[in-house]
Structures are given as structure tokens and as C-alpha cells.
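Trainee: Residue numbers (the numbering used here): 87 to 385. C-beta atoms are modelled at their ideal positions from N, C-alpha and C, and glycine is treated no differently.
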């Protein structure tokens, strides 16, 4: 057995060094929402010819010169570009295609055109927030019920909050310095990471419960150290297989899902860390405070 909990304050310090800059960025800069939340249009065009003439800069200059509001240009495939714009009509799409035809001797093929209204964007944002709170509430109640103690549920949610702040803070910084936007794929990644984080935490907590039955006379810190020692290699092996896959997806998956894969990668690393070095130390801290309070009440 390794005495991992001896360094619990070091684990909290490491978490703080990552989370505090992210919280500061969230307060000062916030997140950079995509048109999924603010409203706007998505236009995906495929340029079959004139490959040397067409690039991100050429598309940006052509669209902005015509007076259209352009948020970003992403290469979504071979000779295919995704334009995120302020709301436009079908007639505007025809006008944009004509402009490209004049400037590049080719009329691009329209692959996709979607418009999201600002009302729908606000509704999506509200539903996203509601989904996160609902998930947290159900997880809290379920974990507390399974382990017959509220502290397990509360500590699991605090560890989940830790992972959420790491992910949100990272994308706030990325949005401010590199213009990375959060969209519905980011929401999907966030909810996926929350479930992954709790899954690993429950494995550690379940081993603590088993150790309590096997070693009823052992103190709580020793039980936690035994659980962490027994589950750490399993957690690392499980997470590394996911991390290797996500790195491959990040490098080879293309621009459309690049930041989705990156969000999952951050969340997986943070979730692996928090299940062992945040959720377990929080339990130990809770038990220490509870023991002190009980001693004072008896004294």
C-alpha cells in the first residue's frame, strides 16, 4: 500500500494551478460561442477547380468585401470550406457563389446551408445548462444512495465540477488567444466527460466500500490508500487507450472535429487525475473534518 493521501494538499495545489487561471479567464473573457448559440448561417462550399487560387484568405476577403459578416472559415475536407456567417438568405448564397465564380473562374458547389436563429440559439444554451444541472443532480443522488452516505455523492460532484472547470477554463483561454469557439459538439464533449469522470470515481469509491467490509478495524485514510493503490493501474490503462485514440483523432480527424477531440482529450486527462487525486482526497478531508467535529461535540 502506498500512502497517496499523505500528499493530498499537493494534489489540491496542482488542481488550483490549473483551475484558477481558467476561472479568471472565464470571468474576464468568458467563452467564445459559435453560431449554434448566437444565431447565424453555415455555408459549406466545394471548389472542384482553381485549387491554387482558393484558400482561407481568399474566401475571407471575397465574402467580407461583398459586405457579408464572416465569423470564421474552416477547411472541412478536400477542396471544401465551411463558412460561419451572420444570418443570410438563399439569395445571398447565390450572390456569394457568383462572387467566387467571378474571382476564381469557377462556381463552387453548395454542400450545405443552414441558418440558426438567435432565439433557437438562446434556447439551446438554456437547455445545455439545464442538462448539466440535471446530470449533476441525478449523479449526486444516485452515488449517495448507492454508497449509503451523502459525502460520497457530494465529493463525486465536486470532482466532476473540477473537470468541468478545467475544460471550460481551457476553452476560455483558447477562445481568447486563438479564437476557438464552443459549439454543440463542445456541449456533447462536456457531458461525455462528466459521465467519464464519475465512472472512474465510482470505481475508486466502490473499492473503498469493499475494503471497509474486509477491514472493518482499519482507519479511513488507510482504506482510501488501499483503494487508490488497487485501482490506479486499472484507471491509467483504461484512460491511456482512450487518450491514444483521441490523439489520433485530433491529428487525423480534420478541422471539423478537431476541437471536439481536443475537448475530450482534456476531459479524459482531467477525469483520470480527479478520480484518484481529487475525489479520494476530498473524501479523506471530509472524514477528517467530520471526526474533529464529533470530537468537539463529545468534549
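Out of curiosity, what's the CA-to-CA distance linking residue 92 and residue 110?
Mentor: Their backbone Cα atoms lie some 29 Å apart in a straight line.
Trainee: Taking the alpha carbon of residue 180 as the reference point, which residue from 194, 151, 281, 171 has its own alpha carbon closest?
Mentor: Nearest option by C-alpha distance: 194.
Trainee: Within 10 angstroms of its Cβ, does residue 213 collect 16 or more other Cβ (buried), or is it exposed?
Mentor: Looking at its Cβ environment, which holds fewer than 16 other Cβ atoms inside 10 Å, residue 213 is exposed.
Trainee: Helix, strand or coil: how does DSSP classify residue 87 here?
Mentor: Coil.
Trainee: Would you mind listing the beta strand (DSSP E) stretches within the stretch 98–134 that are 3+ residues and don't spill past its ends, in chain order?
Mentor: List check, beta strand (DSSP E) in window: 126–132.
Trainee: Determine the direct distance from the alpha carbon of residue 146 to that of residue 35, and round the result to whole angstroms.
Mentor: Lying before the first or after the last residue shown, residue 35 is absent from the chain, which here runs from 87 to 385.
Trainee: Less than 8 Å between the CB atoms is what I'm expecting for residue 133 and residue 165, so what's the real figure, rounded?
Mentor: Going by Cβ atoms, the distance from residue 133 to residue 165 rounds to 5 Å, so yes, they are a contact pair.
Trainee: In terms of residue numbering, what span does the alpha helix (DSSP H) encompassing residue 321 cover?
Mentor: Run containing residue 321: 306–338, per the alpha helix (DSSP H) assignment.
Trainee: Leaving out five residues on either side along the sequence, give the residues of the same chain with a beta carbon under 7 Å from the beta carbon of residue 363.
Mentor: Excluding sequence neighbours, residue 363 sits near 97.
Trainee: Per DSSP, residue 167 forms a beta bridge with which residues?
Mentor: Answer is 131, 161.
Trainee: Answer yes or no: do residue 242 and residue 232 have a C-beta to C-beta separation smaller than 8 Å?
Mentor: No, these two residues do not count as a Cβ contact at 8 Å.
Trainee: Report the rounded CA-to-CA distance for residue 286 versus residue 383, giving the unit in angstroms.
Mentor: Between residue 286 and residue 383, the C-alpha separation is close to 35 Å.
Trainee: Among the residues of its own chain, which have a CB less than 6 Å from the CB of residue 168, if the five just before and after it don't count?
Mentor: 130, 160, 162.
Trainee: Per DSSP, which one or two residues make a beta bridge with residue 198?
Mentor: Answer is 130, bridged to residue 198.
Trainee: Taking 8 Å as the threshold (C-beta atoms), are residue 349 and residue 336 in contact?
Mentor: No, the pair does not count as a contact, with Cβ atoms beyond the cut-off.
Trainee: If we count Cβ pairs, one from each stretch, closer than 8 Å, do we get three or more for the stretch 104–122 versus the stretch 265–275?
Mentor: Judged by Cβ distances under 8 Å, the stretch 104–122 makes contact with the stretch 265–275, as three or more pairs qualify.
Trainee: If you drop the 5 nearest sequence neighbours on each side, which residues of the same chain put their C-beta closer than 6 Å to that of residue 115?
Mentor: These residues qualify, in order along the chain: 258, 262.
Trainee: Do you know whose CA, among 334, 321, 343, 217, lies nearest residue 357's CA?
Mentor: Ranking the options by Cα distance to residue 357, first place goes to 321.
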